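Worksheet for the structure shown next.
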Amino acid sequence: MTLPTTVLGTNGPVVGIQGLGCMGMSEFYGPTDTAEALATLDAALDLGVTLFDTADIYGAGQNEELIGPFVRANRDKVVLATKFAIERRADDPAYRGVRNDPAYIRAAVDASLRRLGVDVIDLYYMHRRDPNVPLAESVGAMAELVQAGKVRHLGLSEVTGDELREAYGVHPIAAVQSEWSIFSRDVERTAVPAAAELGVAFVPYSPLGRGFLTGAFKAAEQLAEGDYRRSHPQFSGANADRNAALVEPIQKIAAGRGVSAAQVALAWVHQRAEVHGLTVVPIPGTRKRTRLAENTAAATLRLTSEELAELEPIAGRVTGDRYADMTFTSAGRE
Ligand SMILES: NC(=O)c1ccc[n+]([C@@H]2O[C@H](COP(=O)([O-])OP(=O)(O)OC[C@H]3O[C@@H](n4cnc5c(N)ncnc54)[C@H](OP(=O)(O)O)[C@@H]3O)[C@@H](O)[C@H]2O)c1
255 MTLPTTVLGT NGPVVGIQGL GCMGMSEFYG PTDTAEALAT LDAALDLGVT LFDTADIYGA
315 GQNEELIGPF VRANRDKVVL ATKFAIERRA DDPAYRGVRN DPAYIRAAVD ASLRRLGVDV
375 IDLYYMHRRD PNVPLAESVG AMAELVQAGK VRHLGLSEVT GDELREAYGV HPIAAVQSEW
435 SIFSRDVERT AVPAAAELGV AFVPYSPLGR GFLTGAFKAA EQLAEGDYRR SHPQFSGANA
495 DRNAALVEPI QKIAAGRGVS AAQVALAWVH QRAEVHGLTV VPIPGTRKRT RLAENTAAAT
555 LRLTSEELAE LEPIAGRVTG DRYADMTFTS AGRE
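The opening position of the sequence shown corresponds to residue 255 in our numbering, with each subsequent residue numbered one higher.
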């Protein structure tokens, strides 16, 4: 099977309807294995996955360096997405700052191009919004990168509907990338309706709830020391117990259909396209080849209206925020 394709935004790139999140191949979600990661990239492309998602902060640049040779070897087939805006400091691994000023953007794109070893990025996202910098200035600087031929299309991550409309007034936006899953539906308040209205595609990140929806772990303590998900309120303490029980209906539907819980979670995200009237290209993350056939098969799995109805109340019952610090999320500004 090869994935069907779709277009990201009005004049955006053609991509397989499911992409691949590369973040965990370098950092955040447990041990990494370079050889397996590289084999996973090749296997994904073979199945029709063409949208490959990275960011300058993943592994503090290492993730861009990791996927660079794969992108160069398959340049005509791969749609390369990366991001700027989150600043890290070598002397303080926990530090995160947000930078949207034009000088920072111009330096960030050159650094990403150098690490990736390519001369153009297909889709360049603003990873987080700094409300202290006028959006027109930031998107104006991003538009100049398109004119300079360094970037082909623009995207935004974790923006509100109003921010998306304002940005679109400066330059067309191909895609919004924000968290969207059976557990996390903040985006349906303003970003999704604005994207549908403007013809902007949605690229849901963490469509598997960072793995929690698959049943792979039930609490932060089950994760390796240093796994970033240990800091997530939804996976900690009493929240984890309550939220793990909410995964049970997903597992029940999966058992009834003879598919995996991961496939039900992904099918639900894919079916948002019809519910909300927009293009939806989720980017499940994996470090392993063995997940790919399973995850891509979910793109064409159809849940019935009864199954969708069973999953509908889950997000409203989830306890705990999706980040320890919600300041820089779209929900934090709505
Ligand atoms: N814009 C943003 O702010 C933002 C934030 C977070 C992530 N992202 C992007 O979105 C991508 C995806 O999000 P995510 O990685 O956070 O979360 P996710 O896709 O919801 O879940 C990834 C986790 O699920 C596991 N997994 C994948 N397929 C599975 C399967 N079939 N069965 C069981 N477990 C499975 C993976 O483990 P294995 O590796 O062991 O398979 C990994 O631990 C990232 O890679 C990144 O590119 C963007």
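Think of the CB as a built atom: it goes at the ideal place given N, C-alpha and C, for glycine as much as any other residue.
Every value quoted in this text rests on a predicted model; they were computed, and no experiment measured them.
Cβ shell of residue i (< 6 Å), same chain only, five flanking positions each side left out
{"i": "ALA450", "result": "HIS530, GLY531 and LEU532"}
{"i": "MET277", "result": "TYR312 and GLY539"}
{"i": "ILE507", "result": "VAL518 and GLU561"}
{"i": "ALA521", "result": "ALA552, LEU555 and LEU557"}
Contact belief for residue i with residue j at Cβ below 8 Å, rounded distance in angstroms
{"i": "ARG350", "j": "ILE340", "result": "6 Å"}
{"i": "SER366", "j": "GLU318", "result": "6 Å"}
{"i": "ALA297", "j": "ARG543", "result": "5 Å"}
{"i": "LEU410", "j": "ALA421", "result": "6 Å"}
{"i": "VAL268", "j": "PHE306", "result": "Actually they do not touch by this definition, with Cβ atoms about 14 Å apart."}
{"i": "GLN590", "j": "LEU562", "result": "Residue 590 cannot be examined here, being either before or after the span of the chain that is shown, 255 to 588."}
{"i": "PHE466", "j": "VAL441", "result": "Not really, about 18 Å apart at Cβ, beyond 8 Å."}
{"i": "LEU262", "j": "VAL535", "result": "7 Å"}
{"i": "ALA445", "j": "THR414", "result": "6 Å"}
{"i": "TYR674", "j": "GLU433", "result": "Missing from the structure shown is residue 674; the chain here goes from 255 to 588 and no further."}
{"i": "THR256", "j": "GLY302", "result": "4 Å"}
{"i": "ALA478", "j": "PHE489", "result": "ALA478 to PHE489, Cβ: 13 Å. No contact."}
Identified DSSP bridge partners for residue i
{"i": "LEU408", "result": "TYR378"}
{"i": "THR259", "result": "GLY270"}
{"i": "ARG343", "result": "ASP346"}
{"i": "SER432", "result": "PRO458"}
{"i": "GLY539", "result": "GLY275"}
{"i": "VAL446", "result": "Answer is none; VAL446 lacks a bridge partner."}
{"i": "VAL534", "result": "PHE456"}
Residues of its chain near residue i, where Cβ-Cβ distance is below 8 Å and the 5 sequence neighbours each way are ignored
{"i": "GLU290", "result": "ARG541, LYS542 and ARG543"}
{"i": "VAL400", "result": "ARG406, HIS407, LEU408 and HIS425"}
{"i": "TYR482", "result": "GLU281, PHE282 and TYR283"}
{"i": "ILE375", "result": "LEU334, ALA335, THR336, VAL363, SER366, LEU367, LYS404, VAL405 and ARG406"}
Counted within 10 angstroms of its Cβ, other Cβ atoms place residue i as buried (16 or more) or exposed
{"i": "GLN476", "result": "exposed"}
{"i": "THR308", "result": "buried"}
{"i": "PRO412", "result": "At residue 412 the sequence reads Glu, which differs from the Pro that was named. When all chains shown are included, GLU412 counts as buried."}
{"i": "SER584", "result": "buried"}
{"i": "THR581", "result": "exposed"}
{"i": "ILE576", "result": "It should be pointed out that residue 576 corresponds to Arg in this sequence rather than to Ile. Looking at its Cβ environment, which holds 16 or more other Cβ atoms inside 10 Å, ARG576 is buried."}
{"i": "PRO285", "result": "exposed"}
{"i": "ASP559", "result": "Residue identity differs from the one stated: residue 559 is Ser in this sequence, not Asp. So SER559 counts as exposed."}
{"i": "ASN265", "result": "exposed"}
{"i": "THR550", "result": "buried"}
{"i": "ASP310", "result": "buried"}
Beta-carbon contacts of residue i that lie in its chain and below 7 Å, excluding the five residues immediately before and after
{"i": "ASP355", "result": "VAL387"}
{"i": "GLY270", "result": "LEU257, THR259, GLY302, VAL303, THR304 and LEU305"}
{"i": "ALA509", "result": "none"}
Interface flag, residue i vs chain C, CB-CB below 8 Å
{"i": "THR540", "result": "Of the protein chains in the structure, only one exists, and it is not chain C."}
- What are the uninterrupted segments assigned as alpha helix (DSSP H) that are 4 or more residues long and contained completely in the region 450 to 500, given in chain order? As far as the region 450 to 500 is concerned, its whole alpha helix (DSSP H) runs of at least 4 residues are 491 to 500.
- Query: Could you give the uninterrupted runs of the beta strand (DSSP E) lying entirely in the region 288 to 369, keeping only those of 3 residues or more?
  - Reply: Taking only runs of at least 3 residues, the beta strand (DSSP E) segments lying wholly in the region 288 to 369 are 305 to 307, 333 to 338, 340 to 343 and 346 to 352.
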